[in-house]
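Notes to accompany the following structure.
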Amino acid sequence: MCKHVFFVFFACTALAAAAEFSGKTSNWHGFDSYEFEVGGRPCRTVVPKHAAEGNPWAWRAVFWGGEPQTEIALLKHGFHLAFIQCSDLLASPKNIEERNAFYKELTEKYGLAKKPVLIGMSRGGLCALRWAIANPDNVACLYLDAPVCDFKSWPGGKGKGKYSPDDWKNVLQTYNLTEEEALTFKSNPVDAFAPLAERKVPIISVCGDIDEVVPFDENTKILAERYKNAAAPFEVILKPNNKHHPHSLKDPKPIVDFILRSVPGNIPMPGIQVVQSAALPASTSIWNPAKKSGNIGEPRPIDTAQTDTVRYWLFLPADYEKQAASGGAPLLLFLHGAGERGSNINKVKDWGPPMLLDTPEFREHFPCVTVSPQCKNGYTWSPAQLMLLLDEIEKCYKIDKSRIYVTGLSMGGFGTWMCLNESPQRFAAAVPVCSGAKTRWAKNFTDIPVWNFHGDKDPVVPIAKSEEIVKAVQAAGGKKIIFTTYAGGVHNVWSQTYSSQLLYDWLFAHRRD
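Here is the structure:
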């Protein structure tokens, strides 16, 4: 399912997926690419495997595919990529009109974000800046690379920049200017940046300090100084002893981090807990109030003819990239209780790991990808649906499949047992809290390390529920189950359970064979 476009991190008023793209398909660095036309111009989009909130996108102005490391990284963060071939117009008024049509196509027909990231390399800087200045409310940020900020520098060669006769002639023709008018033209980005500065649109520019084609001093330096004087954010990465080429950085992380900080919404990045969503087959696990807690642990089939939008908190550990490079990060699935069901995703943070991950000292040292979904009102956890959610996570992030864990409290504790029963070979260890399970499932739990917690005065889910399943597992030959009871503990023993470092040390020490 990951190959489709899913809308993630949604606002409650916009729970809709982006439209599927059409056109000639191909593979671009492991992602689906589509080629089509808008207004007779060749266009291209590349689709992420898991789209981020609001379908953010990066728009390359010219030179598609050149030094693509930043765009590849953004794809992995859930961005779409887009490109329209019209660099021959060099950001002329007609060029802006054609780009406007392309923007309208992607935002209105395909549902991409209203504020794309603009990427402009060399002459593409002129194209990106000119379009942004004409559409300042429709820009998230700009990444410029050795950008042309004044066409008098290049291609005009009126200063230290390299003169390009054909391109200069093209500027005069497409802008409908005489040579004299071009020399006094006041709509170059170095002069006309005010609409962007007024809106504090963030800009980052990567330049070589000895660029002989598009000199830093005549382009980025002037724009950056004027932009900063207008109290607007402009960052410069100046590469020492670097000419016009190569563009970008070998490691694009500083550029990518700048973009992620600048784009509205919650984009997955290490050390931050964000909301995502996935379209999955619908759950049929309705909770019958007449049976109270009696059917909380009753799994039902999923309805593949319908879909649910499952929203969840996602946390990538601070060293996720290092873990991914060395075989994958461990993964923890957390399941909340009945009181946190509904459409307010913030309720999931009331207890357990998602609450603690908002604490810097806990978050800084938490070692695993954490997935904390929200169950719909009137429903209980569907283990089959949760397994499909884990499938999605495993497709879109580098996960160590020998170190997948599950834990949950109350209704989520029942869900924890159900997950173990649904897929006993998937989990390295589990921690159910104040819950229970069908004793007939016990044979499926004998080889799984389980640490079960319950208060002996629990008035909501009697401790007998835990006692029954623990005894059944032991009777079936299970020797890896631990049962901790809290003397005098009522239903909420999870606060004490999840605040114990000993629990996490035990949990993450396990690895499935």
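Numbering-wise (this note's numbering), the sequence shown opens with residue 711 and increments by one. The beta-carbon is built from N, C-alpha and C at its ideal position, and this holds for glycine as well. Fair warning: this is a prediction, and the values are worked out from it, not measured in the lab.
Judged by DSSP in its simplified three-state form, K1190 adopts coil rather than helix or strand.
The Cβ atoms of A1140 and L1130 sit closer than 8 Å to each other. In this structure, the alpha-carbon of L1067 lies about 11 Å from that of Y1208. DSSP places L1066 inside the alpha helix (DSSP H), whose first and last residues are 1062-1066.
For G830, there is no enclosing alpha helix (DSSP H); the residue is found in the beta strand (DSSP E) stretching over 827-831.
Contact between S863 and N765 fails: their C-beta atoms lie close to 36 Å from each other, not under 8 Å. Boundaries of the alpha helix (DSSP H) around G1122: 1121-1132. A distance of 8 Å or more separates the beta carbons of A989 and T1014.
S736 is classed as exposed because its beta carbon has fewer than 16 other beta carbons within 10 Å across all chains shown.
8 Å or more divides the Cβ of V849 from the Cβ of G835. The three-state secondary structure of G834, taken from DSSP, is helix. Within a 10 Å sphere around the beta-carbon of Y873 sit fewer than 16 other beta-carbons, which makes this residue exposed. The distance from the Cβ of G1038 to that of D1110 is about 4 Å, consistent with a contact at the 8 Å cut-off. In this structure E808 is not in contact with R754, their Cβ atoms being roughly 15 Å apart against a cut-off of 8 Å. Restricting attention to I982, W1161, Y1115, S995, the CA atom closest to the CA of A1028 is found in I982.
The beta-carbon distance between W1061 and H1046, rounded to whole angstroms, is 7 Å. This is short enough to meet the 8 Å contact definition. The distance from the Cβ of L1024 to that of P978 is about 6 Å, consistent with a contact at the 8 Å cut-off. For the beta strand (DSSP E) assignment, the stretch 854-897 encloses no uninterrupted run of at least 3 residues. Here DSSP, grouped into helix, strand and coil, assigns H957 to coil. In the DSSP assignment, C1144 falls outside any beta strand (DSSP E) and carries neither an H nor an E.
Rounded to whole angstroms, the separation of the alpha carbons of V1058 and K938 is 41 Å.
Beta-bridge partners of I1114 (DSSP): L1041.
Note on geometry: alpha-carbon atoms of L800 and T884 lie some 8 Å from one another.
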